[in-house]
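Structure, as structure tokens:
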Amino acid sequence: MGLNKAGLKDAILEIMDELATREDDPATAREDFATMLSNAIDTFVKTGTVTVSVTTTGTASSQTGTGTGGIT
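The structure is reproduced here in structure tokens:
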């Protein structure tokens, strides 16, 4: 599974819904938005999956080879 774009969108909408009900001063609202959005993006990136294929030769205790990979 790759990155969950729909989950990030949902997180952003939740942030916007929560902040829409607040009556904070603008500076506090901007700070809270930046914190909440950066947390959502951090979660989005850290929950991605990287798949790598590795080809090896040799025995179980002595292997050589190369790996290739891509983000899926």
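The letter at position 2 of the sequence shown is residue -12 when you use the working numbering, and the numbering goes up by one with no holes.
Cβ coordinates follow ideal geometry from the N, Cα and C atoms, glycine included.
Membership of Thr29 in any beta strand (DSSP E) is not indicated; the residue belongs instead to the alpha helix (DSSP H) covering 12 to 32. Remark: three or more beta-carbon pairs, one from each stretch, lie closer than 8 angstroms, so the segment -4 to 3 and the segment 17 to 29 are flagged as touching.
Out of Leu23, Val36, Gly44, the CA that lies nearest to the CA of Gly(-7) is found in Leu23. If the five residues before and after Val31 are omitted, its C-beta is found closer than 8 angstroms to the C-beta atoms of Leu(-11), all from its own chain and listed in chain order.
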